[in-house]
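Chemist: Counting along the sequence shown from 1, when you hit position 1 you're at 1 in UniProt numbering, and nothing is skipped either side. Note that beta-carbon positions come from the ideal geometry of N, C-alpha and C, so glycine has one too. Computed from a predicted structure; not experimentally measured.
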Amino acid sequence: MNIYEIGQDFDNYKFFVFKEDDESNKGVWDYNGQSLINEWKGLSLELFRDKRKKKDKRSEEFDASCYFSGCLIVNKRTSLLLSEKLKGQIEVLPVNVDGNASGYYFINVLNTVDALNIESKSNEEILKMMRDNNGIFNKGNIGSYIIFRDSLFNNNYYCTDEFVDFVKQNSITGLKFTCAGITK
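1. So which of 117, 128, 162 has the shortest CA-CA distance to residue 183?
2. Does the Cβ-Cβ distance between residue 72 and residue 6 come in under 8 Å?
3. Could you give the first and the last residue of the continuous alpha helix (DSSP H) run that contains residue 78?
4. Who does residue 6 pair with in a DSSP beta bridge?
5. In its own chain, which residues sit with a C-beta less than 6 Å from the C-beta of residue 111, not counting the 5 before and 5 after it?
6. Quick one, are the C-beta atoms of residue 180 and residue 140 less than 8 Å apart?
7. Looking at residue 118 and the ligand GDP, is the gap between the Cβ and the nearest heavy atom below 7 Å?
8. Using only the alpha-carbon positions, how far apart do residue 58 and residue 51 sit?
9. Less than 8 Å between the beta carbons of residue 185 and residue 36, yes or no?
10. Return helix, strand or coil for residue 45, following the three-state DSSP convention.
11. Return helix, strand or coil for residue 20, following the three-state DSSP convention.
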């Protein structure tokens, strides 16, 4: 089975970035699968504008934005689909866009597992394996999860073919899936 890293379809869709100098964004790099519901203050986002381009032909109409893996932002329709499919595995938390409450939500993936097989590998070997998208993931540890974080690379969101198929079947736009490796 293939394992994918969830990312942004930069070629076809615009995407959200953190609003500069906003205090509410400070802790985002510390999210590692813990529940955030009781302490959630929100994220402050804005649509990325490339100042080097006069015209950006990428669509502003998207269902999901993930400009770095681990920061999955989705619209209301997608949040409802994911909530139903992934009951108890995610938190759906509201975000602000351009300073206003919006119809977008941060998806906090709670499933953190020892997914990557790093047994008897040096740090250099592990990093090369991930850089080359050649990871070996532990099928038994992933179990029935179709979206998860790895305990070592817990800022990234990984998923299985089943999640990719779910996204396609529900016509969720804005995401790109890069094969990160396989399960054994």
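Modeler: For this structure:
1. Reading the sequence shown from its first residue, position 183 is the one you call residue 183. Answer by Cα proximity: 117.
2. Working through the sequence shown from its first residue, we reach residue 72 at position 72. Working through the sequence shown from its first residue, we reach residue 6 at position 6. Yes, they are a contact pair.
3. For the purposes of this step, residue 78 is identified with residue 78 of the sequence shown, where counting begins at 1. For residue 78, the uninterrupted alpha helix (DSSP H) segment begins and ends at 76 to 85.
4. Along the sequence shown, read from residue 1 onward, the residue named residue 6 stands at position 6. Residue 6 is bridged by DSSP to 177.
5. Position 111 of the sequence shown, counting from 1, holds the residue named residue 111. Same-chain partners within the cutoff: 89, 145, 148.
6. Looking up residue 180 in the sequence shown gives position 180. Looking up residue 140 in the sequence shown gives position 140. For the 8 Å CB-CB criterion, residue 180 and residue 140 do not form a contact.
7. Among the components of this structure there are no ligands whatsoever, and the ligand GDP is therefore not found.
8. What you label residue 58 is simply residue 58 of the sequence shown in a count that begins at 1. What you label residue 51 is simply residue 51 of the sequence shown in a count that begins at 1. Straight-line Cα distance between these residues: approximately 14 Å.
9. A query on residue 185 cannot be resolved here, the shown segment of the chain reaching from 1 to 184 and no further.
10. By one-based count along the sequence shown, residue 45 stands at place 45. Shown here, residue 45 sits in a strand according to DSSP, grouped into three states.
11. As a first step, residue 20 must be located in the sequence shown, where it is residue number 20. In this structure, residue 20 counts as coil in the three-state DSSP scheme.
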